[in-house]
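Report on the following structure.
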Amino acid sequence: MPGYTWHREVQGKVLYLTFDDGPIPEITPWVLEQLAEYKAKATFFCVGENVAKHQEVAQAVLAQGHLLANHTYNHLKGWQTSLPQYVANTAKCQEELEKLQPSAPKLFRPPYGRISGKQGQALRQTYELIMWDVLTNDYDQSLAPEVCLQQSIKSTQGGSIIVFHDSLKAQRNMMHALPRYLEHFTRLGYTFETL
Numbered sequence: 009m010p011g012y013t014w015h016r017e018v019q020g021k022v023l024y025l026t027f028d029d030g031p032i033p034e035i036t037p038w039v040l041e042q043l044a045e046y047k048a049k050a051t052f053f054c055v056g057e058n059v060a061k062h063q064e065v066a067q068a069v070l071a072q073g074h075l076l077a078n079h080t081y082n083h084l085k086g087w088q089t090s091l092p093q094y095v096a097n098t099a100k101c102q103e104e105l106e107k108l109q110p111s112a113p114k115l116f117r118p119p120y121g122r123i124s125g126k127q128g129q130a131l132r133q134t135y136e137l138i139m140w141d142v143l144t145n146d147y148d149q150s151l152a153p154e155v156c157l158q159q160s161i162k163s164t165q166g167g168s169i170i171v172f173h174d175s176l177k178a179q180r181n182m183m184h185a186l187p188r189y190l191e192h193f194t195r196l197g198y199t200f201e202t203l
């Protein structure tokens, strides 16, 4: 899809970890601990209502040098939502983020990775649309945690944008895969940066 960012062109060993659907107090603080241990930075694609409900968690994300980005206010299904509604919901999320992070780049990732051509066209006027080239599938509860890890490692290359989820649904696989993923690529000399 033209106009979407799937990976970054980089010189050297740089990776871009992203976390979708948070922030939530049950999971996000644990993610922050793992990232701190490996001096890794990440971009959190936040659901606006979670930011509003859990401001202290969102502030902890920022305090550690990570970036908050837009994942709609209500985790909308684009294919079931009118264009005006979708754009307004995204703007509402952005307002929530800018209360905490006034001057950050405007990054947007559609929930479920699905968005109509018209929605994408409208949002590209304001946001960089960030997709991914490594989907960990951590939310897939039928997937064994070790398979989640190995598939993610195998798919990664310099400049990859990797999707994990700081959500209860992804907890089992993410808590297995994330520290091992960080350890593996840190050992290989990679650094993790915000988008």
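Okay, so the sequence shown: first residue is 9 according to the working numbering, each after it adds one.
C-beta: ideal position from N, C-alpha, C; glycine also.
- According to the DSSP assignment, Tyr94 belongs to the alpha helix (DSSP H) that extends over 91-108.
- With contact defined as three or more Cβ pairs closer than 8 Å, the segment 177-194 and the segment 34-50 are in contact.
- The residues Met139, Trp140, Asp141, Ile169, in chain order, have a CB closer than 8 Å to that of Trp14 in the same chain once the five nearest residues on each side in sequence are set aside.
- Around the CB of Ala152, fewer than 16 other CB atoms lie within 10 Å, so the residue is classed as exposed.
- Per DSSP, the continuous beta strand (DSSP E) segment holding Val171 begins and ends at 169-173.
- Taking each of Tyr12, Gln63, Leu157 in turn and checking the Cα distance to Arg180, the smallest one comes out for Leu157.
- The C-alpha of Tyr147 lies about 11 Å from the C-alpha of Met183.
- In the same chain as Gly86, and ignoring 5 residues on each side of it, the C-beta atoms closer than 8 Å to its own belong to Tyr94, Pro118, Pro119, Tyr120, Arg122, Ile123, Ser124, Gln127, in chain order.
- If you look at Ala50, you'll find it isn't in any alpha helix (DSSP H); it sits in the beta strand (DSSP E) that goes 50-54.
- When secondary structure is reduced to three states using DSSP, Ile161 falls in the helix class.
- Rounded to the nearest angstrom, the Cβ distance from Phe200 to Leu186 is 11 Å, too far for a contact under 8 Å.
- For the pair Tyr46 and Thr98, the CB atoms are not nearer than the 9 Å cut-off.
- Assignment of beta-bridge partners to Asp28 by DSSP yields Phe53, His173.
- The continuous alpha helix (DSSP H) containing Asn181 extends over residues 179-195.
- DSSP places Ala77 within a strand segment (E or B) once states are collapsed to three.
- Between Pro31 and Ala66, the C-beta gap is smaller than 9 Å, which places the two residues in contact.
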